[in-house]
Every structure is written in C-alpha cells, then in structure tokens.
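A quick write-up on the structure given underneath.
Number of protein chains: 2
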Amino acid sequence: MQDKLSLMIPGPTPVPESVLLAMGRHPIGHRSADFQKIVRRTTEQLRWLHQTSGDVLALAGSGTAAMEAGIINVLSKGDTVLCGDNGKFGERWVKVAKAYGLTVQVIQAEWGQPLEPEAFRAALDADAGKQIRAVILTHSETSTGVINDLEAIAGHVRAHGTALTIADCVTSLGACDVPMDRWGLDVVGSGSQKGYMMPPGLGFVAMSDRAWSAYERSDLPKFYLDLGRYRKSAHADSNPFTPPVNLYFALEAALGMMQEEGLEAIFARHARHRAAAQAGMTAMGLPLYAAAGHGSPAITAVAPEGIDAEVLRKKVKDRFDILLAGGQDHLKGKVFRIGHLGFVCDRDVLTAVAAIEATLQELGLHTGSVGAGVAACAAALAG
Amino acid sequence: MQDKLSLMIPGPTPVPESVLLAMGRHPIGHRSADFQKIVRRTTEQLRWLHQTSGDVLALAGSGTAAMEAGIINVLSKGDTVLCGDNGKFGERWVKVAKAYGLTVQVIQAEWGQPLEPEAFRAALDADAGKQIRAVILTHSETSTGVINDLEAIAGHVRAHGTALTIADCVTSLGACDVPMDRWGLDVVGSGSQKGYMMPPGLGFVAMSDRAWSAYERSDLPKFYLDLGRYRKSAHADSNPFTPPVNLYFALEAALGMMQEEGLEAIFARHARHRAAAQAGMTAMGLPLYAAAGHGSPAITAVAPEGIDAEVLRKKVKDRFDILLAGGQDHLKGKVFRIGHLGFVCDRDVLTAVAAIEATLQELGLHTGSVGAGVAACAAALAG
C-alpha cells in the first residue's frame, strides 16, 4: 500500500515526524550565527551520546566515510593495523586499510560468531616491537547481528600501550552503552541513519586526545576527509565545507528527543527489543543466526531452515508493508534480518513478529503452534 | 523576523516548497526496487543537466568531495597537473592536488580577473613531453563572481591530446550552458546546494570515457571516494554506500522542475538576473568586482568604495531579512556577493536591489539619485 511502509531494517531506520518536519525547513546560511548555534548545540549533544569530553565531528557522508576518515587520520604510510573480521563490515575496514597501503593483520571469526577478545590479547602481547598502531573492529556487526565485546578488546589495546582502538559503532551507538572515554576508545565512527533516528547523509567521527596525537604524525593523503580541518572549524562552531544544513536541523531535533528519553532508557528499550525479537523467532522454530548470548541489540538475524529467507522476507513486505533486511553476500537467501534500532517502540517489534508469524502461516510453513511467536514476544516485552 | 529569511547567497540557495516536501517524506530502503527507480530516473535527469551520455555519479558529500573524487580518480602518483587559480576555489584545487603529492603548475590571474585561455594554450604547447595529465580549473569562481572561459580552455586541452579537463562547475552547472560532451570536458564536479535548487549534502561527478581510461591507471589511495565503486553500483541503479535517501527524493523533484522549465529558459533567466543585478549596482555607483564582461551568471560580487561591505551586508540582513554573502579571505569587508543562482525569480533580484538601495539610503550612503538602482534593475529585467 502506498506510503504505508514500515522500516525494520538496520538502516535507514524509522524517522520521527518531528525530525522530518525539522529537516523540511528552508535551509539557512551555513556561515550564519543561527547555524553556528546549531553546530554548538549538536556538538554538545554528540558528546553526550558518545559519553566523551573530546571532539565529535560531523561530515557529509556515510558511515563508511566516517570510518575511513577515522582510519586515515591516525595512521601513516607503512603502519601495521590489526583488524577484527567477522562479517561484511569487518571485511570492509580491512579493504580500506589495504587501499591505503597499510600492513594488515586480521583476526577472524566465522560469520555469526563473535570476535574472541583473547585472540586480540595474544596478538597484542606478541607485538613486543610495538608495530601495531591500531586495532580496527566493528562493535555491532550489522551483517550478522553479532555484538562484539568491544570493552574487553579495547582493554587489551590499552594494555598494549601504543595501539589505538578504532571502533565502528555504526549500529551500536544509541542502541547500547558505548562509553567512549571510560572504555578508552580512540576513534568511534557512526552514521545518522541508525540509532540517531535520522535519514542517511551525516557521518560522525569521535576522536580521543591520543587519536589527535597520532593525527599530527599521520601522512596518508586526504583533504575532504582531513579531520584536522573539521576540528579547527568545529572549535569555531563551523564546518570546513558546506555542511548538509537540513540534516543538521534533523540532528538537533533527533538528539533532543534522545536526551529527553535518556541513555539508560534508550539502552533498556533496545535490550528489551532484542529479547522480544529473539524470543518470538525461537518460539516459531526459526533459528537465530548470531551465536547464543552474542546477539546485537540493534539487529536480529534469523536463519530459517528449509525456507528461502528471501521468499519469506518479500512475502512479509508484500502482505504487511514491513521491510526486513535480507542476507548480504553469501548469506543472501539464507538469513533475513530484523532491524530494531533507533525510533522503534514495543508495538513495532510485536508487529514484526506477528507479521512474520502470519506469513509463515500463509505459506504453510509454520512448524509450531500458531500464535506462539507473538505470545513469546509479548512475554519478553512485558519483562 | 523569524522564518522570513531570503537566501541570496551562492549556496545554500533557495529551495522550492515542493522539493522540501519531497525531502521530508519518510525514508525508504536504499536497496529496494522503489529506490532503484529513483536512482534510475535521477541518473537520466543528471545526464540531461550535464548534456552528456556518460556517467554522472552522486555521492553523499559537498562539492569539494565531488571535486576531490574527480581529481584523485583520474590521476596517479607523481603526475603533473596544471591548475587555474583566480580565486578561493581555484586555490583549493591546488591544495587538493598537493595533498596527494601531485606536481602542480599554476596559472594565476588576480582575483576579479578571468583566467587567460592563452596562458593555458602556451603552457600546454610548451609541454612537448606530454607531462601534464590534467588541467584543473573553476568555471564560475564563487569567491569573486568571475566566469572563466571554460570552453576555450577545454579546447586547448583537447589540442594537447593527453591531458584531461577537470572542471569545477559547482556554481555554473544549472546557471549557464555547460555542454560536457560538446566541450570535451572529462570530469565535471558539482554540488546540490547550487543550481540544483536543493539543500547541501549531495555531490556530483560526471566522467567522460577518457576519464574512465585514466581511472584504470590511477593509483592514488581512496575508498569512499573511489568512483569505480559508484559506477559499478550506478549501472545496477544502486549505490555502493548508504546514500542520503531523502536528498535523492529532493533531487528527483528538483531536476523534474528544471526539466519542466528547460535548459534554455534556465540559462536565459540566469543571464537576465546577472544583467539586472549588475545594472542595479552600477546605477547606484557600486562598482562590480568582476572584470567587465566576465561576471558570473550565478553571483554578482560588489566592491563598495568608502563603505565596509560587511556593515552594508549586515544591515540588509537586519532590516530586510535578505542574506547576502560576504567576501572571503582578504576580500572580507571589501566585497559583498549577491547570489542569483537556482530557484531565483525576477522578483528576488528586484527585491535584493531595492533592499540594498533602501539600506544605502538609510545609512546616508546613497551617492546618486535614490531609485536609480531599482529603475535600472527593472529595465534590465524587462530586457
């Protein structure tokens, strides 16, 4: 049905009407005092979200632009980096590092499994010559619905003493606790179309003081993604290049809503939705793709057996106007993914489970007692 | 007065209500068939605007991101480029080229003067060893309001036989004729907040077949700005990274409006507004900054004598809610700039001239016959 779409994908995520209305205002001059006020306010809001006293910079671009900026601003030609790879985004940061000629060591885990913190500890311990300049990893692996133990891994990096932690928090920030300063993270990348409850188009890079020290030595070529330019402008409540003014309007509104709700309540809501989505799927006999206990609070990946996941996903879209995400790369047809990230309430999760259950019933594929999925989901939502 | 702002700066430019409403819709999935339709349609619209049968790629980013992408995708380490520099943006492309270690030859003209095509011809003729791989220049120099003779310079580049023409058409595209294929341009960069009548946040890079051949050899490091990724996705009506979905909604609407008006009518409107702004300023005794006959159809820069341009500019804003642009760098306080680019009608230009005239009168600085500015502007608008 036209305009009836419900987004349950891990991005773009649903956007509140008030945020859309804020974004739909006529643009203003980006060098005006009025816009400076917005930059000042959103910078403070971003610090709150990242739980940091350091710089959080916004740039026109995707989450990948933000992560690439984080990587190329703190590393130099010939540097060695240690990358965690247990999904499509882990893979991507390896590609970015290689595109800039960095020497890349990879710690892998199978898709669906979490990265093993001990493997990082061992690799960092073995680096007696302190060759590893950064550890790059994805906190919530969007492709598999796995959450990695960023806190533990960042702890091992701090113990190493020299390496920086560069974290892709694109689908974890705003979904679960990512206390940048407390965990000692050095670079945190994120994107607007995720926990921020905004449309895509803004990327964010938070930088620690250690990251800025590394920036001073960094010699990888860059101009648009040169974060020093953004820092200099941000300190004057401005931007080095014309910023996406209307997305800033949306950012201010969305972060204001998040501040109203509060971080603890936001994290509790996401944890509840993870539990409810997992309970619903399990009760319907649909196996979860992420290893038990390692599911992301933002995305639940489901690997139905004996059913093409794409057939199920498309039927849910056609019948109920709910868009679920498919599997990426070799997981296409094997998994579907429920995004429960950002502007998602209990009703949305209950509805998604109900629609999946009704679709299985229509397809004659429901293997258990019809209604069991919704019942389990409802019980989990009740807490 | 709140929400009464009239933008007469060279970007962000005014945005039609229908474009804002299109942008304010709820986002859809960027991997959906519905979004593919939008990519397909906007790609065709972009080809129409660029007058090319080649690829025109859109990326989340500013005009600088687009230009940097254009430069680093067709050049390789150690390449020599010839840059035209007669303003802030010409200067910027020199900086980008140097940031990537390219060898840069510069042809300069004073700010306010056009680049001299003969100087390019001479430099290219002197390059018997065919070391120059690209000529980089700005068509409409936003900082000074000068239009450079891109057609003539591109002709000299074609005669050279090896070099590519990389043109910053950020404030010329959609304001005057930029027939990419006919002029033999190889890379054309632009940004959404200009002639496109949209908010900022999308950059565009058009590439000729010669540019793609150079891409195959290019070894400068890039990932997010790697245009090969965009081309591959665009050929499947998609994007390599999450695109700014709502800005695409705006793009489709804005380019649809432009197609309704037609290129010839759009160019005639901009030429008329240039003539009207110039006539109004001249009749009030306010000297034009750009050399006679070289004023941009997008921006008129004015260098008042005996008046701080910032005082005048701020007074126009405070009294009439019209935002003019100030001078950049060493021109701050020396010039103000009237943007008449994009969604600007005769009323807007007449109003801006009237507001400037009324402000001069209020300040006791009108040196001529009050009303002469508006009269001359009106006469020019009448054609």
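Sequences listed follow chains R and W, in order.
Mapped onto this note's numbering, the consecutive letters of the first sequence carry residue numbers 1 to 383.
Mapped onto this note's numbering, the consecutive letters of the second sequence carry residue numbers 1001 to 1383.
Note that CB positions come from ideal geometry on N, CA and C, so glycine has one too.
Predicted model only: the values in this text are computed from it and were never measured.
Supposed contact pair residue j and residue i - C-beta distance, whole angstroms, cut 8 Å
i	j	result
W/Thr1052	W/Asp1079	Rounded, the Cβ-Cβ distance is 24 Å, inconsistent with contact.
W/Thr1144	W/Gly1195	That pair is no contact at about 18 Å.
W/Val1157	W/Leu1124	7 Å
R/Ala97	R/Val74	Actually they do not touch by this definition, with Cβ atoms about 12 Å apart.
R/Ala234	R/Leu57	6 Å
W/Lys1365	W/Ile1307	Looking at the sequence provided, one finds Leu at residue 1365 of chain W rather than Lys. Indeed, because the Cβ distance is near 6 Å, the residues count as touching under 8 Å.
Extent of the continuous beta strand (DSSP E) to which residue i belongs
i	result
R/Asp85	Thr80 to Asp85
W/Arg1133	Ile1132 to Thr1138
R/Ile299	Ile299 to Val302
R/Ile107	Thr103 to Gln108
R/Val7	The sequence given here has Leu at residue 7 of chain R, not Val. Note, R/Leu7: beta strand (DSSP E), Ser6 to Met8.
R/Asp55	Asp55 to Ala60
Near the ligand ATP: residue i beta-carbon under 8 Å from a heavy atom
i	result
W/His1030	In the structure shown, the ligand ATP is absent, as is every other ligand, since no ligand is present at all.
Beta-carbon proximity of residue i to residue j, cut-off 9 Å
i	j	result
W/Asn1246	W/Arg1025	yes
W/Pro997	W/Ala1254	Residue 997 of chain W lies beyond the range of chain W shown here (1001 to 1383); nothing can be said about it.
R/Val344	R/Met8	yes
R/Lys332	R/Gly339	no
R/Gly368	R/Ala283	yes
W/Thr1138	W/Trp1093	yes
W/Val1039	W/Pro1244	no
W/Gly1203	R/Ala65	no
W/Ile1028	R/Pro297	no
W/Arg1269	W/Glu1260	no
W/Ser1208	W/Met1180	yes
W/Arg1337	W/Pro1010	yes
R/Thr300	R/Ala292	no
R/Gly54	R/Lys77	no
R/Gly87	R/Val146	yes
W/Ala1354	W/Cys1377	yes
W/Asp1177	W/Phe1267	yes
R/Ile322	R/Ala352	yes
W/Pro1014	R/Ala99	no
W/Gly1090	W/Ile1166	no
Cross-chain neighbours of residue i in chain R, by beta carbon under 7 Å
i	result
W/Tyr1100	Pro221
W/Ile1009	Gly29
W/Met1001	Result: empty, since nearest Cβ-Cβ is about 13 Å, beyond 7 Å.
W/Glu1068	Phe223 and Tyr224
W/Gly1201	Ala60, Gly201, Pro244 and Leu247
W/Leu1227	Result: empty, since nearest Cβ-Cβ is about 13 Å, beyond 7 Å.
Neighbour list for residue i in chain R, Cβ cutoff strictly below 9 Å
i	result
W/Lys1095	Phe223
Range covered by the alpha helix (DSSP H) that runs through residue i
i	result
R/Ser190	No alpha helix (DSSP H) holds R/Ser190; the beta strand (DSSP E) holding it covers Val187 to Gly191.
R/Phe35	Ala33 to His50
R/Ile153	Leu150 to His160
W/Trp1093	Lys1088 to Ala1099
R/Thr359	Asp346 to Glu362
R/His366	From DSSP, R/His366 is part of no alpha helix (DSSP H); its letter is neither H nor E.
W/Thr1282	Leu1263 to Ala1283
R/Asn73	Gly63 to Val74
W/Gly1373	Ala1372 to Ala1382
R/Glu116	First-last for R/Glu116: undefined, no H or E at that position.
R/Ala22	Glu17 to Met23
Chain R contact residues for residue i, given Cβ-Cβ distances below 8 Å
i	result
W/His1330	Near W/His1330 there are no residues of chain R at all, since even the closest Cβ is about 17 Å away, more than 8 Å.
W/Met1023	Met23, Gly24 and Asn246
W/Pro1065	At residue 1065 of chain W the sequence reads Ala, which differs from the Pro that was named. Under the 8 Å cutoff, chain R gives Ala60, Gly61, Tyr224 and Phe241.
W/Leu1137	Correct list: empty, because the minimum Cβ distance to chain R is about 17 Å.
Within chain W, partners of residue i - CB distance below 8 Å
i	result
R/Ser32	Leu1323
R/Gly191	Thr1242
R/Pro12	Pro1027, Ile1028, Gly1029, His1030, Thr1242 and Val1245
Where residue i meets chain W, residues with beta-carbon distance less than 7 Å
i	result
R/Asn73	None at all; the shortest Cβ gap to chain W is about 13 Å.
R/His340	Within 7 Å Cβ-Cβ: nothing; R/His340 doesn't reach chain W, min ~15 Å.
R/Val15	His1026 and Pro1027
R/Leu20	Gly1024 and His1026
R/Leu251	Near R/Leu251 there are no residues of chain W at all, since even the closest Cβ is about 12 Å away, more than 7 Å.
9 Å Cβ cutoff, residue i in contact with chain A
i	result
W/Ala1060	Although the question refers to chain A, the structure presented lacks it and instead comprises the protein chains R and W.
Chain-ordered chain W contacts of residue i [CB-CB under 9 Å]
i	result
R/Leu46	Residues of chain W passing the Cβ test: none, with the nearest at roughly 18 Å.
Where in the segment 288-342 of chain R do unbroken runs of the beta strand (DSSP E), each at least 3 residues long, occur, reported from the N-terminal end onward? 299-302, 322-326 and 336-339
Considering only residues of the segment 1165-1233 of chain W, which uninterrupted alpha helix (DSSP H) runs meet the minimum length of 4 residues and lie entirely inside it, listed in chain order? 1180-1183 and 1209-1217
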